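Peer 1:
Residue numbers (full-length UniProt numbering): 1 to 344.
(1) Using the beta-carbon count (16 or more within 10 Å), is residue 73 buried or exposed?
(2) Leaving out the 5 sequence neighbours to the left and right, which residues in its chain are closer than 8 Å to residue 233 when beta-carbon positions are compared?
(3) Taking the straight line between their C-alpha atoms, what separation do you get for residue 29 and residue 192?
(4) Do residue 236 and residue 322 have their beta-carbon atoms positioned less than 8 Å apart in this structure?
(5) Since residue 281 and residue 320 are thought to touch, with beta carbons under 8 Å apart, how far apart are those beta carbons, to the nearest angstrom?
(6) Could you tell me whether the Cβ atoms of residue 176 and residue 286 are closer together than 8 Å?
(7) Got a sec, what are the start and stop residues for the alpha helix (DSSP H) residue 251 sits in?
(8) Do residue 52 and residue 79 have their C-beta atoms within less than 8 Å of each other?
(9) Quick check on this structure: which residue in 174, 300, 313 has the alpha carbon closest to the alpha carbon of residue 196?
(10) Could you please give the first and the last residue of the uninterrupted beta strand (DSSP E) stretch that includes residue 260?
(11) Under 8 Å by Cβ, that's how I've got residue 335 and residue 293 pegged, so tell me the actual separation to the nearest angstrom.
(12) With DSSP run on the structure shown, which of helix, strand or coil describes residue 30?
(13) Where residue 121 and residue 27 are concerned, what is the direct C-alpha to C-alpha distance, given to the nearest angstrom?
(14) Could you round the C-beta distance between residue 219 and residue 229 to whole angstroms and report it? I think they count as a contact, below 8 Å.
(15) Quick check: the region 31 to 48 against the region 95 to 114, are there 3 or more CB pairs under 8 Å?
(16) Let's test the definition: count the other Cβ atoms within 10 Å of the Cβ of residue 345 and tell me whether it reaches 16, buried, or not, exposed.
(17) Would you tell me roughly how many angstroms separate the C-alpha atoms of residue 90 and residue 46, rounded to the nearest one?
(18) Run through DSSP, which three-state label would residue 321 get?
(19) Using the beta-carbon count (16 or more within 10 Å), is residue 12 buried or exposed?
(20) Residue 190 to residue 95, Cα distance in whole Å?
(21) Between 17, 149, 55, which has its C-alpha nearest residue 88's C-alpha?
(22) Compare the C-alpha of residue 260 against each of 209, 158, 248, 171 and name the closest.
(23) Can you find at least 3 beta carbon pairs, one from the region 116 to 136 and one from the region 300 to 309, that sit closer than 8 Å?
(24) Does the separation of the CB atoms of residue 162 and residue 103 fall below 8 Å?
(25) Does DSSP classify residue 331 as helix, strand or coil?
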């Protein structure tokens with residue numbers, strides 16, 4: 001069909017192209033956020049609301065750049081303009097200020113250094129494996145490159161702090177005395193539990209490099225009498241004994257079904273009768289086609305790890321296969337849910 005033939009057949013459409021525009025220009029959202037963070041926009045407005053001209057002067061930006069930066073940040077909900085001055089929203093005050101304990105800086109900085117590109121994602125699809133570190137295994141890389149391990153731990157700490165507090169407040173941990181946080185990273189989840197439940201003592205089971213980093217976070221938390229570390233490889237070493245609960249926060253999504261089933265069975269063997277397992281994850285719908293955050297996060301994990309997000313039905317089946325019963329699923333905070341089960 002020639003171009004002229006196509007033109008002759010054009011007619012009024014029953015749909016528009018807004019979805020394509022939304023998808024195309026969303027590529028600017030996160031980079032604009034990381035740029036705003038690096039430029040110090042949020043810290044500037046934390047000191048005092050400012051006009052666009054004042055922002056331009058303080059950040060040494062041109063007027064066009066400032067208009068674009070402020071426009072996108074306001075449109076996304078990170079800023080609000082009142083009487084000609086830009087103010088931080090509650091979300092920005094909570095998550096985008098370096099002095100905040102909930103600062104997302106770890107994530108912003110990690111993705112700034114490891115940006116997603118078309119070629120990187122295409123490579124992951126074609127090779128059916130993670131490509132973020134030039135096809136190197138993420139966990140092996142962290143064991144030999146301590147700076148990457150620190151950056152990734154900061155990333156996960158930023159991602160975990162507020163959801164962990166939410167899970168601690170809505171999950172049932174009242175009868176837990178000794179909890180093993182498998183792959184617990186910085187210990188963010190342990191800190192949330194220890195602060196809310198005075199009877200809990202938590203242990204972070206991690207690789208040697210991460211344990212070293214976790215000890216720094218523990219020292220800063222002031223909870224060294226309630227939180228400690230245990231060096232181990234959870235795929236090679238047996239789980240230590242003496243714990244009545246095992247937690248996996250953002251761990252199952254790093255691995256495929258068989259490895260997750262292995263971890264669940266290892267937990268079952270290590271726990272006493274009545275002991276509990278907890279899985280902290282963002283859940284896919286059973287149809288695997290929603291919600292958007294879960295499907296997008298699942299694709300992110302495909303790019304970074306060998307895992308994906310699971311549905312509630314999948315995790316329930318997995319835990320039952322490992323021998324657990326009384327499975328409970330509670331939506332806790334933001335997009336997160338806590339899946340728990342008991343060893344009979």
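Built from N, CA and C at the ideal position, the CB exists for glycine as well. All figures in this text were calculated on a predicted structure; none of them were measured in a lab.
Peer 2: Taking the structure as given:
(1) buried
(2) 207
(3) 30 Å
(4) no
(5) Taking C-beta atoms under 8 Å as the contact rule, residue 281 and residue 320 fail to qualify, at a distance of about 17 Å.
(6) no
(7) Element bounds for residue 251: n/a, residue is neither H nor E.
(8) no
(9) 174
(10) Element bounds for residue 260: not the beta strand (DSSP E) but the alpha helix (DSSP H), 257 to 270.
(11) 5 Å
(12) helix
(13) 14 Å
(14) In fact, because the Cβ distance is near 11 Å, the residues do not count as touching under 8 Å.
(15) yes
(16) Since the first residue of the chain shown is 1 and the last is 344, residue 345 is not available in this structure.
(17) 11 Å
(18) helix
(19) exposed
(20) 20 Å
(21) 55
(22) 248
(23) yes
(24) no
(25) strand
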